[in-house]
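Chemist: In UniProt numbering, the protein residues as written are 1 to 498.
Just so you know, even glycine gets a beta-carbon here, dropped at the ideal spot from N, CA and C.
Quick caveat, the model's predicted, so the values are computed rather than measured.
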Amino acid sequence: MSNETEVDMKDVELNEVEQEKQPMKQSEAGNNYEISPVSEKNGIVKIKIPEEESKFTGLSKEELMKVAGTPGWIKVRWALLILFWLGWLGMLAGAIAIIIQAPRCKPLPEMNWWNQGPLYQIGDISVFANSSDPKGVVDKVRTLDELKVKGLIVGPIHVTTADNQDELNLVGVSKEAGSLTQFTDLIAAAHKRSIKVILDLTPNYKGNEPWFSNNGVTLNLKPAILYWMKYVDGFLFYNVEKISSEAPSLWKEVEVLIHNQTEKAEKMVLIGVTNQTSPDDIAATLNKTGVDLLLSGALMFKSGLEVADSVNSLYSTYNQTKLAWNIGGRIAGHLASIVGLAKVKLNQLMLLTLPGTPVFNYGDEIGLSDEQSNNPSMVWNFKEENKEMSTFRAFFKSVSERRTKERSLQFGEYLPLFNSTFAMAYLRQWDQNERFIVALNWHSNETVTLQLKHAEVPEYATVVFSSSDQNDVGKQVNLQNLEIAPEQGIMVKFPYIA
């Protein structure tokens, strides 16, 4: 039985081997290959691969040349060429039409360097630097550049004794102010940051009156101006209405000398200071003295109604390049002492957004107050000692930066919207640029609700600055029902609408 089984298994193995050697049928080979029905040796299969069909690769150069000259193709080429030029001319005509129909931008007004940002007054160099070494002022120039200050009003620095003309030396530098070398170092540091330097050359700055009672000073003033012209970018004089009346010929020579200088590439500025507060008196002094800017008491100790009246009167009479706005100064004192700490930001906002040049006393940016005199020492470590001073400076810096970037704030038109005893609102706009509304409330206790309805004013605007609540910034407010908190100033913006 076992022998038969063994024979059968051998037969099965032999049949399997023979089947493996059978040639593959065409149906089993698939559609792509044809198997040659030849005998196979050693399990090798011959495969016949079909030849690839030739593909169409386009006309040859000779064939193209034959076709290109046919009438049909000539017509097609001309049609495409005409369509191309018609399309090009159509686009050109459309562009020209857009340019013609688009509203033209207003030409930018001519501006002087003293109109481009705040001026900063440093009456006593030593108290500003908080050091007996005037070199300290050089180290502080960077911080003034951060505030976008465009000019420093420095001094007086010349040698004099109160009410004693015999000891007057307009070209000498007093010990308190350092040396000429230190002063020129300050000028160089300021110029490096595009900050101009204006010299206060008021003769009797230590005396009771800015000018000496006799006319002997006239002999020294012109040579002194010529001397300092080599270094500084302008001059400032106090009580200009007096000197222009009592010595008109001298003052005229001073004016011509400064305005007609040709040594410097840019104009020199002549600034006057007066105690006058009436808009009519200020206008008369501007006309009489010929100064480029006149610092005055136009905004000091006045109600909102009086402030609005002063601004409206002077703006309607003069180009804003002639207008300067200040509250305080070297003699009058600091902003915080005049208006109170609670209203420092409000008045900073107003001065930086009125049409014209804002002028600040040193320390006004941090709310520095007068103590025993009008020349308190400047505080430089306010970030650690006084957080309130830090917030004052941050607010001043933000508004000043915005002023330099926005054409509407730099030289835009001024449009009064509202004024009352305690409140005031005005619009600054220029051509198609973003518009700004400033609203101020001087009242210490009462909230003011303004209904600002005007053809140039939309219903809603966005808060840019708030002197009392930074959480308001970015919020939408209704201009027809605008609430201003006590001692608050806000600025809102809205886009130009054609």
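Inspect the beta-carbon positions of residue 271 and residue 297 and report whether they are closer than 8 angstroms.
Modeler: In this structure, residue 271 lies away from residue 297, with their beta-carbon atoms at least 8 angstroms apart.
Chemist: For residue 189 and residue 141, what's the separation of their Cα atoms in angstroms?
Modeler: 7 angstroms
Chemist: Classify residue 426 as helix, strand or coil using the three-state DSSP reduction.
Modeler: In this structure, residue 426 counts as strand in the three-state DSSP scheme.
Chemist: Per DSSP, residue 329 is paired with what?
Modeler: 333
Chemist: DSSP beta-bridge partners for residue 158?
Modeler: In the DSSP output, where bridge partners are listed per residue, residue 158 has 173.
Chemist: Who are the near neighbours of residue 110 in its chain, counting only those whose CB is closer than 8 angstroms to its CB and skipping five residues on each side?
Modeler: 321
Chemist: In or out: residue 91 buried (at least 16 other Cβ within 10 Å) or exposed?
Modeler: exposed
Chemist: Name the two residues that bound the continuous beta strand (DSSP E) containing residue 200.
Modeler: Element bounds for residue 200: 196-200.
Chemist: Alpha carbon to alpha carbon, how far is residue 335 from residue 493? Give it in angstroms, no decimals.
Modeler: 27 angstroms
Chemist: Would residue 299 be called buried (16 or more neighbouring beta carbons within 10 Å of its own) or exposed?
Modeler: buried
Chemist: According to the Cβ coordinates, are residue 197 and residue 154 closer than 8 angstroms?
Modeler: yes
Chemist: Could I get the ranges of all uninterrupted alpha helix (DSSP H) runs contained in the region 69-125, with 4 residues as the minimum, in chain order?
Modeler: 71-101
Chemist: Beta strand (DSSP E) containing residue 358: first to last residue?
Modeler: Its beta strand (DSSP E) spans residues 357-361.
Chemist: Quick one: Cα of residue 103 to Cα of residue 97, how far?
Modeler: 12 angstroms
Chemist: Could you spell out the range, first to last residue, of the beta strand (DSSP E) harbouring residue 345?
Modeler: Per DSSP, residue 345 belongs to no beta strand (DSSP E); it is in the alpha helix (DSSP H), 344-353.
Chemist: Looking at the structure shown, is residue 370 part of a helix, part of a strand, or coil, going by DSSP?
Modeler: coil
Chemist: In the structure shown, what three-state DSSP assignment does residue 445 receive?
Modeler: Looking at residue 445 - three-state DSSP - the assignment turns out to be coil, as it is neither helix nor strand.
Chemist: Using CA coordinates, which residue listed in 253, 307, 118 is at the minimum distance from residue 420?
Modeler: 307
Chemist: Going by beta-carbon coordinates alone, are residue 231 and residue 156 separated by less than 8 angstroms?
Modeler: no
Chemist: Kindly indicate if chain B contains any beta-carbon less than 8 angstroms away from that of residue 494.
Modeler: You won't find chain B in this structure, because it holds only one protein chain.
Chemist: Looking only at its chain, what residues have a beta carbon closer than 8 angstroms to the beta carbon of residue 343, apart from the 5 residues adjacent to it on each side?
Modeler: 442, 487
Chemist: Check whether the region 433-447 touches the region 309-318, taking contact to mean three or more Cβ pairs, one atom from each stretch, closer than 8 angstroms.
Modeler: no
Chemist: Can you tell me whether residue 461 is helix, strand or coil according to DSSP?
Modeler: strand
Chemist: Tell me which residue opens and which closes the beta strand (DSSP E) that residue 273 is part of.
Modeler: 269-273
Chemist: Taking DSSP as the reference, what is the three-state secondary structure of residue 39?
Modeler: Reliability of the predicted coordinates at residue 39 is poor, the pLDDT of 48 falling under 50, and no value is obtained from them.
Chemist: Where does residue 250 fall in DSSP's three states?
Modeler: It is helical.
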